[in-house]
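Structure first, commentary second.
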Amino acid sequence: MRLLLVEDHVPLADELMAGLARQGYAVDWLADGRDAVYQGTSEPYDLIILDLGLPGVPGLEVLKQWRAGGLATPVLILTARGSWAERIEGLKAGADDYLTKPFHPEELHLRIQALLRRSHGQANQPTLQAAGLHLDEGRQCVIRDGAEVQLTAAEFRLLRYFMLHPEQILSKSHLAEHLYDGETERDSNVLEVHVNHLRRKLGRSVIETRRGQGYLFGGQAQ
Numbered sequence: 001m002r003l004l005l006v007e008d009h010v011p012l013a014d015e016l017m018a019g020l021a022r023q024g025y026a027v028d029w030l031a032d033g034r035d036a037v038y039q040g041t042s043e044p045y046d047l048i049i050l051d052l053g054l055p056g057v058p059g060l061e062v063l064k065q066w067r068a069g070g071l072a073t074p075v076l077i078l079t080a081r082g083s084w085a086e087r088i089e090g091l092k093a094g095a096d097d098y099l100t101k102p103f104h105p106e107e108l109h110l111r112i113q114a115l116l117r118r119s120h121g122q123a124n125q126p127t128l129q130a131a132g133l134h135l136d137e138g139r140q141c142v143i144r145d146g147a148e149v150q151l152t153a154a155e156f157r158l159l160r161y162f163m164l165h166p167e168q169i170l171s172k173s174h175l176a177e178h179l180y181d182g183e184t185e186r187d188s189n190v191l192e193v194h195v196n197h198l199r200r201k202l203g204r205s206v207i208e209t210r211r212g213q214g215y216l217f218g219g220q221a222q
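At position 125 of the sequence shown the residue is numbered 125 (full-length UniProt numbering), and the sequence of numbers has no breaks.
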């Protein structure tokens, strides 16, 4: 999953990026609202974390411009403690959730997971579930028929994206855009290798290859 973090406090941004990377997210970082207005609509992000106290263009105005332009990407806003008016204005402007500073990193990770599940029609599920699999995002493993299947970090990132998009044909270029933040990774055959690894662990039918189109996840794991 590819996230955009818009936060001008560099130490906090560094801490958040490190934590999100450990959770298997590809993260782009911006510190200025003017850059965020453009970047948010020009790249295929799965979720945006937006601080409201930004230089250039305030975060609230950035959010309003995104929503006015039709951007439907889930947005989690960060606000200062006690700024209840900011939180209300942010929600009115189209934010999907908010988090008050200071916060524990684990709360941020859980809110991100919940927002992603909700945006893909799994709001009522406490964990990510699809094709007979349950993904444990905390331990980065998958449960199949009650048994735990270990995953590498790359396999976890890929399977999480597949499970959020079951029964959808996903091209290799689409997957690369949402899973990797480096052009070298995107241009390599690393994606095909990880798909084959998942098939060996979960069964070949769970990920179908559609020639000339990409991959379709949704067969029952075997």
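Virtual Cβ for every residue (Gly too), placed ideally from N, Cα, C.
- Contact between residue 38 and residue 3 is absent: CB atoms are separated by about 17 Å, not below the 8 Å threshold.
- Residue burial annotation: residue 164 is buried, with at least 16 other C-beta atoms found within 10 angstroms of its C-beta.
- Contact check for residue 167 and residue 218: beta-carbon distance about 4 Å, within the 8 Å limit, so the pair qualifies.
- Assignment of beta strand (DSSP E) within the segment 44-82, counting only whole runs of 3 or more residues, yields 47-51, 75-79 in chain order.
- CA-CA distance, residue 196 to residue 22, rounds to 23 Å.
- The beta carbons of residue 104 and residue 20 sit no closer together than 9 Å.
- For the 9 Å CB-CB criterion, residue 52 and residue 90 form a contact.
- When beta bridges are read from the DSSP output, residue 27 appears opposite 3.
- The continuous stretches of beta strand (DSSP E) do not include residue 191, which lies in the alpha helix (DSSP H) extending over residues 190-202.
- Here DSSP, grouped into helix, strand and coil, assigns residue 214 to strand.
- Counting along the chain, residue 41 sits inside no beta strand (DSSP E); it lies in the alpha helix (DSSP H) bounded by residues 33-42.
- Contact annotation: residue 11 and residue 31 have beta-carbon atoms that are not nearer than 9 Å.
- Counting other Cβ atoms within 10 Å of its Cβ, residue 46 reaches 16 or more and is therefore classed as buried.
- Collapsing the DSSP output to three states places residue 128 in a strand.
- By alpha-carbon distance to residue 59, the top candidate from 33, 132, 67, 69 is 33.
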